[in-house]
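Engineer: Quick mapping for you: the protein sequence lines, in order, are chains A and B.
Using UniProt numbering, the letters of the first sequence map in sequence onto residues 1 to 446.
Using UniProt numbering, the letters of the second sequence map in sequence onto residues 1 to 446.
For reference, the structure I am asking about is given below.
2 protein chains.
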Amino acid sequence: MSTSPSKQMHLGAFLMSVGHHAAGWRFPGVDPANTMNFAYYKKLAQTAEAGKFDLIFFADRLAISDRFDNRFDTTVRYLAQARPEPISLLGALGAITDKIGLAATASTTYNEPFFLARAFATLDHLTGGRIAWNIVTSTNDGEALNFSKQEHLEHETRYGRAHEFLDVVTKLWDSWEDDALVLDKENGIYADPSKVHYLHHKGDWFGVRGPLNVTRPPQGHPVLIQAGSSDTGRDFAAQTAEVIFSSQPQIAAAREFRNDIHARVLKYGRTPDSIKILPGVMPIIGATQAEAEEKLRHLEDLVHPLGGLALLSDSMNHDLSVYSLDEPLPELENIRGNQSRYKLVQEMSKRDNLTLRQLGKRFGGSRSHRVVAGTAEQIADNFAEWFGSGACDGFNLMPAYLPESLTDFVEQVVPILQERGLFRREYEGDTLRQHLGLARPQNRFT
Amino acid sequence: MSTSPSKQMHLGAFLMSVGHHAAGWRFPGVDPANTMNFAYYKKLAQTAEAGKFDLIFFADRLAISDRFDNRFDTTVRYLAQARPEPISLLGALGAITDKIGLAATASTTYNEPFFLARAFATLDHLTGGRIAWNIVTSTNDGEALNFSKQEHLEHETRYGRAHEFLDVVTKLWDSWEDDALVLDKENGIYADPSKVHYLHHKGDWFGVRGPLNVTRPPQGHPVLIQAGSSDTGRDFAAQTAEVIFSSQPQIAAAREFRNDIHARVLKYGRTPDSIKILPGVMPIIGATQAEAEEKLRHLEDLVHPLGGLALLSDSMNHDLSVYSLDEPLPELENIRGNQSRYKLVQEMSKRDNLTLRQLGKRFGGSRSHRVVAGTAEQIADNFAEWFGSGACDGFNLMPAYLPESLTDFVEQVVPILQERGLFRREYEGDTLRQHLGLARPQNRFT
Numbered sequence: 001m002s003t004s005p006s007k008q009m010h011l012g013a014f015l016m017s018v019g020h021h022a023a024g025w026r027f028p029g030v031d032p033a034n035t036m037n038f039a040y041y042k043k044l045a046q047t048a049e050a051g052k053f054d055l056i057f058f059a060d061r062l063a064i065s066d067r068f069d070n071r072f073d074t075t076v077r078y079l080a081q082a083r084p085e086p087i088s089l090l091g092a093l094g095a096i097t098d099k100i101g102l103a104a105t106a107s108t109t110y111n112e113p114f115f116l117a118r119a120f121a122t123l124d125h126l127t128g129g130r131i132a133w134n135i136v137t138s139t140n141d142g143e144a145l146n147f148s149k150q151e152h153l154e155h156e157t158r159y160g161r162a163h164e165f166l167d168v169v170t171k172l173w174d175s176w177e178d179d180a181l182v183l184d185k186e187n188g189i190y191a192d193p194s195k196v197h198y199l200h201h202k203g204d205w206f207g208v209r210g211p212l213n214v215t216r217p218p219q220g221h222p223v224l225i226q227a228g229s230s231d232t233g234r235d236f237a238a239q240t241a242e243v244i245f246s247s248q249p250q251i252a253a254a255r256e257f258r259n260d261i262h263a264r265v266l267k268y269g270r271t272p273d274s275i276k277i278l279p280g281v282m283p284i285i286g287a288t289q290a291e292a293e294e295k296l297r298h299l300e301d302l303v304h305p306l307g308g309l310a311l312l313s314d315s316m317n318h319d320l321s322v323y324s325l326d327e328p329l330p331e332l333e334n335i336r337g338n339q340s341r342y343k344l345v346q347e348m349s350k351r352d353n354l355t356l357r358q359l360g361k362r363f364g365g366s367r368s369h370r371v372v373a374g375t376a377e378q379i380a381d382n383f384a385e386w387f388g389s390g391a392c393d394g395f396n397l398m399p400a401y402l403p404e405s406l407t408d409f410v411e412q413v414v415p416i417l418q419e420r421g422l423f424r425r426e427y428e429g430d431t432l433r434q435h436l437g438l439a440r441p442q443n444r445f446t
Numbered sequence: 001m002s003t004s005p006s007k008q009m010h011l012g013a014f015l016m017s018v019g020h021h022a023a024g025w026r027f028p029g030v031d032p033a034n035t036m037n038f039a040y041y042k043k044l045a046q047t048a049e050a051g052k053f054d055l056i057f058f059a060d061r062l063a064i065s066d067r068f069d070n071r072f073d074t075t076v077r078y079l080a081q082a083r084p085e086p087i088s089l090l091g092a093l094g095a096i097t098d099k100i101g102l103a104a105t106a107s108t109t110y111n112e113p114f115f116l117a118r119a120f121a122t123l124d125h126l127t128g129g130r131i132a133w134n135i136v137t138s139t140n141d142g143e144a145l146n147f148s149k150q151e152h153l154e155h156e157t158r159y160g161r162a163h164e165f166l167d168v169v170t171k172l173w174d175s176w177e178d179d180a181l182v183l184d185k186e187n188g189i190y191a192d193p194s195k196v197h198y199l200h201h202k203g204d205w206f207g208v209r210g211p212l213n214v215t216r217p218p219q220g221h222p223v224l225i226q227a228g229s230s231d232t233g234r235d236f237a238a239q240t241a242e243v244i245f246s247s248q249p250q251i252a253a254a255r256e257f258r259n260d261i262h263a264r265v266l267k268y269g270r271t272p273d274s275i276k277i278l279p280g281v282m283p284i285i286g287a288t289q290a291e292a293e294e295k296l297r298h299l300e301d302l303v304h305p306l307g308g309l310a311l312l313s314d315s316m317n318h319d320l321s322v323y324s325l326d327e328p329l330p331e332l333e334n335i336r337g338n339q340s341r342y343k344l345v346q347e348m349s350k351r352d353n354l355t356l357r358q359l360g361k362r363f364g365g366s367r368s369h370r371v372v373a374g375t376a377e378q379i380a381d382n383f384a385e386w387f388g389s390g391a392c393d394g395f396n397l398m399p400a401y402l403p404e405s406l407t408d409f410v411e412q413v414v415p416i417l418q419e420r421g422l423f424r425r426e427y428e429g430d431t432l433r434q435h436l437g438l439a440r441p442q443n444r445f446t
């Protein structure tokens, strides 16, 4: 009995340092020295590939977190802040994997489109079509200050820049037609210049003549991922994204979000199956539910509340050090950072009646993403329920402490999902687009 | 009998597409489809490592060549123009090698220091200290037009920017002291914030607050390479470079160049052994001298003269399509591109009384670098003579057609150099600095 691929969920592994949980580095069995260690990342990538994940995913930040108290002391002292630059890391991990997709985050606010188009096209060639770009607009002033700017762009402005940036990048990817190479050694004709195109792009933000000096990527375009949840962010995603990494802790809201995205996608002339929605989730696996809950409690005990608040300050681009730790999160306006993240945190804070100290611990855990603690069977049930009810097309896993959280999931949860026909037993294609069931884009110049 | 390392030469392999020679892609045995193929680059890197090379080296360009006739038709039609973005490529090749150094070219004119510092620091971590950055200021308007600029910066201006860029990058590499990580799981102290430093850099070109969000690279600083040969370029190299990739076709001039660099180095308070000078050379190996010369002749026959002139136009940032192909290179002033390259080409053109057509073929061959055609024994003799006479500290090999030119050198010339005690039989260290005999830089914040 075979199961149609469209009935199977997609899984990403969002790998962060030595664990997503702010206290992951302190957990038993974790080596906190691994944050820059290639052998460690290699093992993670190969574990995820053995688990037949669609992709592994790396975040990015362009500064040390220091919005809290206007110093980096809290984050440097209590958190594993150092992390690899993801484009170089993707190059390395592509070389030692065969099938799994690889996603790197890169900012449209602090990069140039020619550079990113070229790097992602190169990676897509080197990996035979396994690359995705997670498009972000960055979050705060600390990043601006490392790029000769005084402050971070306003929300709408940076989405304007993101739109133009993406337009230029996809045009650059198309600037060589698929059949531009002639490779006629006898007559000395390497390529057909009539199939290579200038862009002559001149917009509000960029002037880029093109063409790229890399041929068209194997996937046509590397897969485009986004995480924006604001109204502007949703609209941008509906126009351009192929995967949405969402933050949706509640099943009903997740279903509404997916319906909303599908409606927007139709408005832009796309079909709902051209976009896959993968909410973040942090699974905590135990032999019993009690053991899983105990692990989670232990992790929460180990988080320094100021570490979590420092991360939240960064995400909001607002210094929370000035408020009392024993009061709730105050009402704030004009957040220049991640607005939708702020809303989620505010809801969580009110719902569970949290003080700022408690909120710091909670945010340091999963950054407002969903946490599921239970046995492998319970986690599989939970994933099946979300997936089966149309709340998502799969999940972006946020392993709490590494490598164990990932290994446990691959060894214990994946076989159950496979047994139920909810997840692939083998890769059926070679490219990330094939894993995700996404079409290869037409070339606009052909 | 052991030979002191200081008496041994250093070897780089400057790998360009499917061969350095403009007609390399047409040569028998070469697969021109390899320009973006990872398996191919992997084999090259492993061959160079089997040959105990100090490093492999990748150039970079930020545009398709189109200075000639203001179109890219000539270069796209006759040359293998597509090539990988070198930072991603270095990530990939670092993952499948153990000892060999890896150098990527990156421009100070069209990048941001925070990004490059972070990428090179990451690569240095992932490879355990085997990375070098070849610092260039880029060459022409085609590159400017891909980065929202109208024209390339003037020579002196772009060196001013390069100085400041490098200052910021090295400060970022130092922004975490070597012992900043505490990793105290018990007490929850990840790092010591007093050993992490803001730069608060504000200069003519950049405002960069820092610190980096990557810990200090294993080599302290990745090795710094430069190729500038103008007076400004030499001075910049003497202050900052650790390896110079020079273009010196004549032994006497090469010795003068090396003496000049040593004198300048002393002026800046450095010692001559803190800088290694590796002139480019294209060896053409035959079973007999006649066979080698026949190979070279065949390669030259296969070059389209307009392809070579198009490359030269780009390098000079001056369109040569307006001159007669049957006349010599005219006297030109105010070249905004590679000035010292222009001088070399002009000397070569006068010395050998070349028409523009002949010059195009010659430049398409080795881009004005030295070509040595002969048996393996003759090439080893020639290398020994240059090295022994103080003309250089080793060579940056420019294999004409790949993989064969590299394989032949590793199998035939390297054993002779080893036999004579002129080249290592085994790697003695683990980092590129150790291969090159370069000290690990002190941290300016410690």
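For every residue, glycine included, the Cβ atom is placed at its ideal position computed from N, Cα and C.
Since the model is a prediction, treat every value here as computed from it, not as a measurement.
Who are the Cβ neighbours of D66 of chain A in its own chain at under 6 Å, not counting the five residues just before and after it?
Structural biologist: Translated into positions along the first sequence, residue 66 of chain A becomes position 66. Answer for D66 of chain A: F72 and G142, listed in chain order.
Engineer: Does Y342 of chain A get closer than 9 Å to chain B when you measure Cβ to Cβ?
Structural biologist: Stepping through the first sequence from its first residue, residue 342 of chain A is reached at position 342. Y342 of chain A does not count as touching chain B.
Engineer: Using 9 Å as the threshold, is the C-beta distance between I416 of chain A and A376 of chain A below it?
Structural biologist: Numbered from 1 along the first sequence, position 416 holds the residue referred to as residue 416 of chain A. Numbered from 1 along the first sequence, position 376 holds the residue referred to as residue 376 of chain A. Yes, the pair counts as a contact, with Cβ atoms nearer than the cut-off.
Engineer: Could you tell me whether any Cβ in chain A is nearer than 9 Å to the Cβ of T127 of chain B?
Structural biologist: Here residue 127 of chain B refers to the residue found at position 127 when the second sequence is read from its first residue. Yes, T127 of chain B counts as interfacial toward chain A.
Engineer: Which residues, in chain order, does the segment 66-83 of chain A contribute to contact with chain B at a C-beta distance below 7 Å?
Structural biologist: Here the close residues are F72, D73, V76, R77, Y78, L79, A80, Q81, A82 and R83.
Engineer: I believe T122 of chain B touches S88 of chain A by the beta-carbon criterion, under 8 Å. Please report the beta-carbon distance rounded to the nearest angstrom.
Structural biologist: Sequence index remark: in the second sequence, residue 122 of chain B carries index 122 (1-based). Sequence index remark: in the first sequence, residue 88 of chain A carries index 88 (1-based). 5 Å between Cβ atoms; contact.
Engineer: Would G12 of chain A be called buried (16 or more neighbouring beta carbons within 10 Å of its own) or exposed?
Structural biologist: On the first sequence, residue 12 of chain A is found 12 positions in, with the first residue counted as 1. Under this definition G12 of chain A is a buried residue.
Engineer: So which residues on chain A does M16 of chain B lean against when the C-beta distance must stay under 9 Å?
Structural biologist: Along the second sequence, one-based indexing puts residue 16 of chain B at 16. What M16 of chain B touches in chain A: nothing, since even the nearest Cβ is about 13 Å away.
Engineer: Pick helix, strand or coil for F58 of chain A, following the three-state DSSP scheme.
Structural biologist: Looking up residue 58 of chain A in the first sequence gives position 58. DSSP places F58 of chain A in strand when its eight states are reduced to three.
Engineer: If you measure between the beta carbons of G91 of chain A and I56 of chain A, is that distance less than 9 Å?
Structural biologist: For this step, residue 91 of chain A is matched to residue 91 along the first sequence. For this step, residue 56 of chain A is matched to residue 56 along the first sequence. Against a cut-off of 9 Å, the Cβ pair of I56 of chain A and G91 of chain A comes out as no contact.
Engineer: Using a Cβ-Cβ cut-off of 7 Å (strictly less than) and excluding sequence neighbours within five positions of E327 of chain A, which residues of its own chain qualify?
Structural biologist: To locate residue 327 of chain A, count along the first sequence from 1; it is residue 327. Excluding sequence neighbours, E327 of chain A sits near T355 and L356.
Engineer: Using a Cβ-Cβ cut-off of less than 8 Å, list which residues of the segment 88-120 of chain B approach chain A; keep chain order.
Structural biologist: S88, L89, L90, G91, A92, L93, G94, A95, I96, Y110, N111, E112, F114, F115, R118 and A119
Engineer: Any contact between the segment 399-418 of chain B and the segment 247-267 of chain B? By contact I mean 3 or more CB pairs, one from each, below 8 Å.
Structural biologist: Under the three-pair Cβ rule at 8 Å, the segment 399-418 of chain B does not count as touching the segment 247-267 of chain B.
Engineer: Would you list, in sequence order, the uninterrupted beta strand (DSSP E) runs of no fewer than 3 residues that lie entirely inside the segment 201-266 of chain B?
Structural biologist: Segments of the beta strand (DSSP E) lying fully in the segment 201-266 of chain B: 223-226 and 243-246.
Engineer: Suppose only complete runs of 3+ residues qualify. What are the beta strand (DSSP E) ranges in the segment 76-112 of chain B, listed by chain order?
Structural biologist: 101-107
Engineer: Given that a residue counts as buried once 16 or more other Cβ atoms are within 10 Å of its Cβ, and exposed if not, what is H21 of chain A?
Structural biologist: The sequence position of residue 21 of chain A within the first sequence is 21, counting from 1. Buried, since its Cβ has 16 or more Cβ neighbours within 10 Å.
Engineer: Cβ of L116 of chain A within 9 Å of Cβ of V169 of chain A?
Structural biologist: Position 116 of the first sequence holds residue 116 of chain A. Position 169 of the first sequence holds residue 169 of chain A. Against a cut-off of 9 Å, the Cβ pair of V169 of chain A and L116 of chain A comes out as a contact.
Engineer: Residues in the segment 9-39 of chain B with C-beta within 9 Å of chain A's C-beta atoms, listed in sequence order?
Structural biologist: Going along the segment 9-39 of chain B in chain order, one finds A23, W25, R26, F27, P28, V30, D31, P32, A33, T35, M36, N37 and F38 with a Cβ nearer than 9 Å to chain A.
Engineer: Identify the continuous beta strand (DSSP E) that holds W133 of chain B and give its terminal residues.
Structural biologist: Here residue 133 of chain B is taken as the residue at index 133 of the second sequence, counted from 1. Looking at the DSSP string, the run of the beta strand (DSSP E) that includes W133 of chain B is I131 to V136.
Engineer: When we look at the beta-carbon of E154 of chain A and count the other beta-carbons within 10 Å, is it buried (16 or more) or exposed?
Structural biologist: As a working note, residue 154 of chain A is residue 154 in the first sequence. E154 of chain A comes out exposed.
Engineer: Taking the beta carbon of G388 of chain A as the centre, do at least 16 other beta carbons fall within 10 Å, making it buried, or is it exposed?
Structural biologist: Translated into positions along the first sequence, residue 388 of chain A becomes position 388. Counting of Cβ neighbours within 10 angstroms places G388 of chain A among the exposed residues, the total staying below 16.
Engineer: In three-state terms, what does DSSP make of P32 of chain A?
Structural biologist: Residue 32 of chain A sits at position 32 when you count from the first residue of the first sequence. Correct three-state label for P32 of chain A: helix.
Engineer: Please check if any C-beta of chain A sits within less than 9 Å of the C-beta of M1 of chain B.
Structural biologist: The residue labelled residue 1 of chain B in the question sits at position 1 within the second sequence. Note that M1 of chain B scores a pLDDT of 37, beneath 50, so its modelled location is shaky; the value from the coordinates is reported in the next line. Cβ-Cβ to chain A under 9 Å: no for M1 of chain B.
Engineer: Return no unless some Cβ of chain B is closer than 9 Å to the Cβ of F257 of chain A.
Structural biologist: In the first sequence, counting from the first residue as 1, residue 257 of chain A sits at position 257. Chain B, which has no Cβ nearer than 9 Å to the Cβ of F257 of chain A, makes this no.
Engineer: In chain order, what residues of the same chain lie with their CB nearer than 7 Å to the CB of L320 of chain A, ignoring the 5 residues before and after it?
Structural biologist: Indexing the first sequence from 1 puts residue 320 of chain A at position 320. The answer, listed in chain order, is F68, L309, L312, S313 and L356.
Engineer: Going by CA-CA distance only, name the one from B:A227, B:F53 and B:A106 that's closest to L62 of chain B.
Structural biologist: Counting from 1 along the second sequence, the entry for residue 62 of chain B is found at position 62. With distances taken between Cα atoms, L62 of chain B lies closest to B:A106.
Engineer: Would you kindly work out how many angstroms separate the C-alpha atoms of P5 of chain B and G429 of chain B, rounded to a whole number?
Structural biologist: Here residue 5 of chain B refers to the residue found at position 5 when the second sequence is read from its first residue. Here residue 429 of chain B refers to the residue found at position 429 when the second sequence is read from its first residue. Bear in mind that the predicted position of P5 of chain B carries a pLDDT of just 44, short of 50, making it too unreliable to give a figure here.
Engineer: Indicate whether at least one CB of chain A lies closer than 9 Å to the CB of E85 of chain B.
Structural biologist: Counting from 1 along the second sequence, the entry for residue 85 of chain B is found at position 85. Output row for E85 of chain B: interface = yes.
Engineer: So, at 6 Å on beta carbons, what are the nonlocal neighbours of K276 of chain B in its own chain, with the 5 sequence-adjacent residues on each side left out?
Structural biologist: For this step, residue 276 of chain B is matched to residue 276 along the second sequence. Here the set comprises H10, V243, D393 and L436.
Engineer: Can you give me the C-alpha to C-alpha distance between R424 of chain B and D273 of chain B, rounded to a whole angstrom?
Structural biologist: As a first step, residue 424 of chain B is located in the second sequence; it is residue number 424 there, counting from the start. As a first step, residue 273 of chain B is located in the second sequence; it is residue number 273 there, counting from the start. Computed Cα separation, rounded: 18 Å.
Engineer: Using a cut-off of 7 Å between C-beta atoms, extract the partners of V196 of chain A located in chain B.
Structural biologist: The residue you call residue 196 of chain A lines up with position 196 of the first sequence. What V196 of chain A touches in chain B: F72 and V76.
Engineer: Along chain A, in chain order, which residues have C-beta atoms closer than 7 Å to that of I64 of chain B?
Structural biologist: Walking along the second sequence from the start, residue 64 of chain B turns up at place 64. Within chain A, P211 and N213 have C-beta atoms less than 7 Å from the C-beta of I64 of chain B, given in sequence order.
Engineer: Drop a sphere of 10 angstroms on the beta-carbon of R362 of chain A, count the other beta-carbons inside from all chains shown, and report buried for 16 or more, exposed for fewer.
Structural biologist: One-based indexing of the first sequence puts residue 362 of chain A at position 362. Classification for R362 of chain A: buried.
Engineer: Below 9 Å between beta carbons: does that hold for N443 of chain B and E177 of chain B?
Structural biologist: Numbered from 1 along the second sequence, position 443 holds the residue referred to as residue 443 of chain B. Numbered from 1 along the second sequence, position 177 holds the residue referred to as residue 177 of chain B. Cβ distance < 9 Å, so N443 of chain B and E177 of chain B count as in contact.
Engineer: Of all Cβ atoms in chain B, is any one closer than 9 Å to the Cβ of P193 of chain A?
Structural biologist: Your numbering for residue 193 of chain A matches position 193 in the first sequence. Chain B contact via Cβ: present.
Engineer: Could you name the residues of the same chain whose beta carbon sits closer than 6 Å to that of P305 of chain B, not counting the 5 residues immediately before and after it, in chain order?
Structural biologist: In the second sequence, residue 305 of chain B corresponds to position 305, counting from 1. Cβ neighbours of P305 of chain B beyond the five flanking positions: R357, G360 and K361.
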